[in-house]
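Peer 1:
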Amino acid sequence: MRAEEVAGLLVAAILGSSLLIALVSPAIGFYPSLKVEGAWTVAWGKGKLLASYEKNMTEVQELRVRAELSAGNLRVEEAEESLAYRVEVYGALMPWSSTDYSVVEEGGRLEVEVKAGSVVVYLNPSILREIEVKVSAGSGTVELGGLNRTVFSFRVSAGSLEGTLEYSNATSSLNIDVSAGGVELRIKVPKESKVYIKASADAAEVDVNVKELAKTSVSGFEERVIADPGFREGLVIDVQASAASVDLKVDR
Amino acid sequence: MKIPGALVRVGGFITSPRVYLSIAIHERRGPLEPLAYVILFSASKWGLRGLLVAGLAASAIGSFGVTPLEAVTDWAAPWLTSLLVYGAMAIGVLFELFLWFMWSLFTHALAKSFNGGGEYAHSLNAVGYAWVTDSASLASLLVAVASPRLALIALLGAFVAWVWKGVVVGIGMSEAHGISLGKGLASSFFPWLILAVVGSAIFFLATSWEAWWT
Numbered sequence: 000m001r002a003e004e005v006a007g008l009l010v011a012a013i014l015g016s017s018l019l020i021a022l023v024s025p026a027i028g029f030y031p032s033l034k035v036e037g038a039w040t041v042a043w044g045k046g047k048l049l050a051s052y053e054k055n056m057t058e059v060q061e062l063r064v065r066a067e068l069s070a071g072n073l074r075v076e077e078a079e080e081s082l083a084y085r086v087e088v089y090g091a092l093m094p095w096s097s098t099d100y101s102v103v104e105e106g107g108r109l110e111v112e113v114k115a116g117s118v119v120v121y122l123n124p125s126i127l128r129e130i131e132v133k134v135s136a137g138s139g140t141v142e143l144g145g146l147n148r149t150v151f152s153f154r155v156s157a158g159s160l161e162g163t164l165e166y167s168n169a170t171s172s173l174n175i176d177v178s179a180g181g182v183e184l185r186i187k188v189p190k191e192s193k194v195y196i197k198a199s200a201d202a203a204e205v206d207v208n209v210k211e212l213a214k215t216s217v218s219g220f221e222e223r224v225i226a227d228p229g230f231r232e233g234l235v236i237d238v239q240a241s242a243a244s245v246d247l248k249v250d251r
Numbered sequence: 000m001k002i003p004g005a006l007v008r009v010g011g012f013i014t015s016p017r018v019y020l021s022i023a024i025h026e027r028r029g030p031l032e033p034l035a036y037v038i039l040f041s042a043s044k045w046g047l048r049g050l051l052v053a054g055l056a057a058s059a060i061g062s063f064g065v066t067p068l069e070a071v072t073d074w075a076a077p078w079l080t081s082l083l084v085y086g087a088m089a090i091g092v093l094f095e096l097f098l099w100f101m102w103s104l105f106t107h108a109l110a111k112s113f114n115g116g117g118e119y120a121h122s123l124n125a126v127g128y129a130w131v132t133d134s135a136s137l138a139s140l141l142v143a144v145a146s147p148r149l150a151l152i153a154l155l156g157a158f159v160a161w162v163w164k165g166v167v168v169g170i171g172m173s174e175a176h177g178i179s180l181g182k183g184l185a186s187s188f189f190p191w192l193i194l195a196v197v198g199s200a201i202f203f204l205a206t207s208w209e210a211w212w213t
């Protein structure tokens, strides 16, 4: 076979497959996908460590936390056993953005506020009584285990939050308020724990999957209660989603 | 296996452009074949570009987890992607037909100024046949669509195809007008140079005007 024949066949193959892909792909819903894990981190970056704050368990008996992040990345994780908390604040990678932050702790009340940056908060779950996480225009991750009657409140607007909460004692409450954002949460409670979930959707979709109870979706403009029969005490979850999506899974 | 003559010719424009362009031009073929080249290559190229842009845009929105945008793209993705891809194909074909016409017009005028002896139809065909070099662009786009992490390779492919096309147009003009290869290449690349100079001048004037105005 001559060179021009080989080249001709090659060009025909390239042209034919290109034309076929371009014509058929939209019809079958295929398009190339390139999901970037931790896109907010990539966008805002995790620059150099600006500051870190920590206290030992001997200094703090009970911990109430409020962490607020606007534009950036927030992680909440378990601290080492000897630590009550540790906060690490990182600057943004983008040269034009400065990171404003404030970290204040007084009498076991820890307040963390970060604008345009990344923050990692390590908490000791055994003394954690209450935590409020507020994320706007950013992403948050919460990975905490050994929770004991800890009261949670998540507020997400124009951002995303995901994570896992593992309770050793699930007699507590968890509030999730999302507007223009997404939340994906896995909750593990002891086998004998009872669960009560109130889900409100306002132009939103809330998927609830509770092991041995229900798997349902609350969407559009709807409110629904999913609860263990005869619920009196246990984990009370209140979800309010507006123009948002929530995926909640409870394992026990 | 007998390969159809049209396919051999396409291959010939790639492996031995001087020989095959000389034959095609002096056989006084009509503009239908180059017209088909321009339409098919530009439709495929702009279709794949639209597909890549739609995919990357949807991925970027999804990666940031901004649900309303994600929900909109989820809901609208089928028709939005179709609109983008087929729209890109249609506009791309029209744009490249215009480009073919304008490029051949300018390159013909330049070839004439170099004492070229060919007709405008020769220039039109020589420029149109050169669209086979878009196979480089298509190959790189196929790689980018299959592996979006290599999306930048599509830009490299487009640049390689543009330079290659310019060289093939230069060879074609040299054959069509009986001028030297150097003059053929000059008549091929000169319009782009003029376009770059005029574009830069307009940009410079616009920014100066804006600075003066503000």
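Chains A and B, in that order, give the protein sequences.
For the first sequence, numbering that gives the first Met the number 0 gives the first residue as 0, with consecutive numbering after it.
For the second sequence, numbering that gives the first Met the number 0 gives the first residue as 0, with consecutive numbering after it.
Glycine is no exception: its CB is placed at the ideal position from the N, C-alpha and C atoms.
(1) Suppose you measure from the CA of residue 66 of chain B to the CA of residue 56 of chain B; what does that come to, to the nearest Å?
(2) In the DSSP assignment, the beta strand (DSSP E) including residue 188 of chain A goes from what residue to what residue?
(3) State yes or no: is the beta carbon of residue 42 of chain B nearer than 8 Å to at least one beta carbon in chain A?
(4) Run the CB neighbour count on residue 189 of chain A, radius 10 Å, all protein chains shown included, and call it buried at 16 or more, exposed below.
(5) So for residue 212 of chain A, helix, strand or coil by DSSP?
(6) Cβ closer than 8 Å: which chain A residues qualify as neighbours of residue 148 of chain B?
(7) Which residues in chain B have a C-beta closer than 7 Å to the C-beta of residue 10 of chain A? List them in chain order.
(8) Should the region 184-200 of chain A be called in touch with the region 221-229 of chain A, which here means at least 3 C-beta pairs below 8 Å?
(9) Please tell me whether residue 6 of chain A and residue 13 of chain B are closer than 8 Å, where the distance is taken between their beta carbons.
(10) Answer yes or no: does any C-beta atom of chain B fall closer than 8 Å to that of residue 69 of chain A?
(11) My output table needs one value for residue 156 of chain A: the three-state DSSP class, helix, strand or coil.
(12) Can you list the residues of chain B that residue 14 of chain A reaches, using a CB-CB cut of under 8 Å?
(13) I need the DSSP call for residue 223 of chain A, collapsed to helix, strand or coil.
(14) Hey, is residue 172 of chain A's beta-carbon within less than 8 Å of any beta-carbon in chain B?
(15) Closest to residue 16 of chain A by C-alpha separation, out of B:8, B:11, B:142 and B:125, would be which residue?
(16) Is it buried or exposed, residue 99 of chain A, if we count other Cβ atoms within 10 angstroms and call 16 or more buried?
(17) Counting beta carbon pairs with one atom in the region 228-237 of chain A and one in the region 85-94 of chain B, are three or more of them shorter than 8 Å?
(18) Tell me, please, whether the CB atom of residue 142 of chain B is closer than 8 Å to any CB atom in chain A?
(19) Note down, in chain order, every chain B residue with its Cβ under 7 Å from the Cβ of residue 247 of chain A.
(20) If you count every other CB in all the chains shown that lies within 10 Å of the CB of residue 204 of chain A, and 16 or more means buried, which is it?
(21) Which residue from A:110, A:117 and A:174 puts its Cα closest to that of residue 90 of chain A?
(22) Do the region 102-111 of chain A and the region 148-166 of chain A make contact, defined as three or more Cβ pairs closer than 8 Å?
(23) Applying the 10 Å Cβ sphere with the 16-neighbour rule, what's the burial state of residue 130 of chain B?
(24) Tell me whether residue 66 of chain B sits in a helix, a strand or coil according to DSSP, three-state version.
(25) Would you verify that the beta carbon of residue 85 of chain B is, or is not, closer than 8 Å to some beta carbon of chain A?
(26) With a threshold of 8 Å, are at least 3 pairs of Cβ atoms found where one atom belongs to the region 2-10 of chain B and the other to the region 100-114 of chain B?
(27) Please tell me whether residue 34 of chain B has its Cβ less than 8 Å away from any Cβ of chain A.
(28) What do you get for residue 171 of chain B, buried or exposed, if any count of 16 or more other CB atoms within 10 angstroms of its CB means buried?
(29) Starting from residue 238 of chain A, trace the beta strand (DSSP E) in both directions and tell me its first and last residue.
(30) For residue 45 of chain B, is the classification buried or exposed, using 16 other Cβ atoms within 10 angstroms of its Cβ as the cut-off for buried?
(31) Which ranges would you report for the beta strand (DSSP E) in the region 26-90 of chain A if only whole runs of at least 3 residues count?
(32) For the region 173-203 of chain B, which segments carrying the beta strand (DSSP E) assignment without a break, of at least 3 residues, lie completely within its bounds, in sequence order?
(33) I need the straight-line Cα distance from residue 108 of chain B to residue 116 of chain B, nearest angstrom please.
Peer 2: The answer reads as follows:
(1) Sequence index remark: in the second sequence, residue 66 of chain B carries index 67 (1-based). Sequence index remark: in the second sequence, residue 56 of chain B carries index 57 (1-based). Annotation note: pLDDT 48 at residue 66 of chain B (below 50); position unreliable, no value reported.
(2) Here the question's residue 188 of chain A lines up with position 189 in the first sequence. Taken as a continuous stretch (DSSP letters only), residue 188 of chain A belongs to no beta strand (DSSP E), as it is neither H nor E.
(3) Residue numbering aside, residue 42 of chain B sits at position 43 when the second sequence is read from its first letter. Chain A contact via Cβ: present.
(4) The residue given as residue 189 of chain A occupies position 190 in the first sequence. Residue 189 of chain A comes out exposed.
(5) For the purposes of this step, residue 212 of chain A is identified with residue 213 of the first sequence, where counting begins at 1. Coil at residue 212 of chain A, not helix or strand.
(6) As a first step, residue 148 of chain B must be located in the second sequence, where it is residue number 149. Near residue 148 of chain B (Cβ distances below 8 Å), the residues of chain A are 33.
(7) Counting from 1 along the first sequence, the entry for residue 10 of chain A is found at position 11. By Cβ distance, chain B contributes 9, 10, 13, 131 and 134.
(8) yes
(9) Numbered from 1 along the first sequence, position 7 holds the residue referred to as residue 6 of chain A. Numbered from 1 along the second sequence, position 14 holds the residue referred to as residue 13 of chain B. Cβ distance < 8 Å, so residue 6 of chain A and residue 13 of chain B count as in contact.
(10) For the purposes of this step, residue 69 of chain A is taken as the residue at position 70 of the first sequence. Taking Cβ atoms only, chain B never reaches closer than 8 Å to residue 69 of chain A, which makes this a no.
(11) Working through the first sequence from its first residue, we reach residue 156 of chain A at position 157. Strand, per DSSP.
(12) Reading the first sequence from its first residue, position 15 is the one you call residue 14 of chain A. Here the neighbours are 39, 40, 43, 134 and 137.
(13) Numbered from 1 along the first sequence, position 224 holds the residue referred to as residue 223 of chain A. In the structure shown, residue 223 of chain A sits in a strand (DSSP, three-state: E or B).
(14) Taking the first sequence and counting its residues from 1, the one referred to as residue 172 of chain A is at position 173. Judged by the 8 Å Cβ criterion, residue 172 of chain A is not in contact with chain B.
(15) The sequence position of residue 16 of chain A within the first sequence is 17, counting from 1. Cα-wise, what sits closest to residue 16 of chain A is B:142.
(16) As a working note, residue 99 of chain A is residue 100 in the first sequence. Under this definition residue 99 of chain A is an exposed residue.
(17) no
(18) Your numbering for residue 142 of chain B matches position 143 in the second sequence. No, its Cβ sits nowhere closer than 8 Å to a Cβ of chain A.
(19) In the first sequence, the residue the question calls residue 247 of chain A occupies position 248. The contacting residues do not exist; residue 247 of chain A stays about 15 Å from chain B at best.
(20) On the first sequence, position 205 is the one that residue 204 of chain A refers to. When all chains shown are included, residue 204 of chain A counts as buried.
(21) As a working note, residue 90 of chain A is residue 91 in the first sequence. It is A:117 whose Cα lies nearest to the Cα of residue 90 of chain A.
(22) no
(23) Sequence index remark: in the second sequence, residue 130 of chain B carries index 131 (1-based). With 16 or more other Cβ atoms within 10 Å, it is buried.
(24) Here the question's residue 66 of chain B lines up with position 67 in the second sequence. Only weak support is given to the placement of residue 66 of chain B: the predicted model assigns it a pLDDT of 48, under 50, and the value that follows is read from those uncertain coordinates. Residue state, collapsed to three classes: helix.
(25) As a first step, residue 85 of chain B must be located in the second sequence, where it is residue number 86. Residue 85 of chain B counts as touching chain A.
(26) no
(27) By one-based count along the second sequence, residue 34 of chain B stands at place 35. Output row for residue 34 of chain B: interface = no.
(28) In the second sequence, residue 171 of chain B corresponds to position 172, counting from 1. Under this definition residue 171 of chain B is a buried residue.
(29) Residue mapping note: residue 238 of chain A aligns to position 239 of the first sequence, counting from 1. 234-241 is the span of the beta strand (DSSP E), which, as asked, contains residue 238 of chain A.
(30) Within the second sequence, numbered from 1, the residue matching residue 45 of chain B stands at position 46. Under this definition residue 45 of chain B is a buried residue.
(31) 48-55, 62-77 and 82-89
(32) none
(33) Counting from 1 along the second sequence, the entry for residue 108 of chain B is found at position 109. Counting from 1 along the second sequence, the entry for residue 116 of chain B is found at position 117. When rounded, the distance between both Cα atoms is 11 Å.
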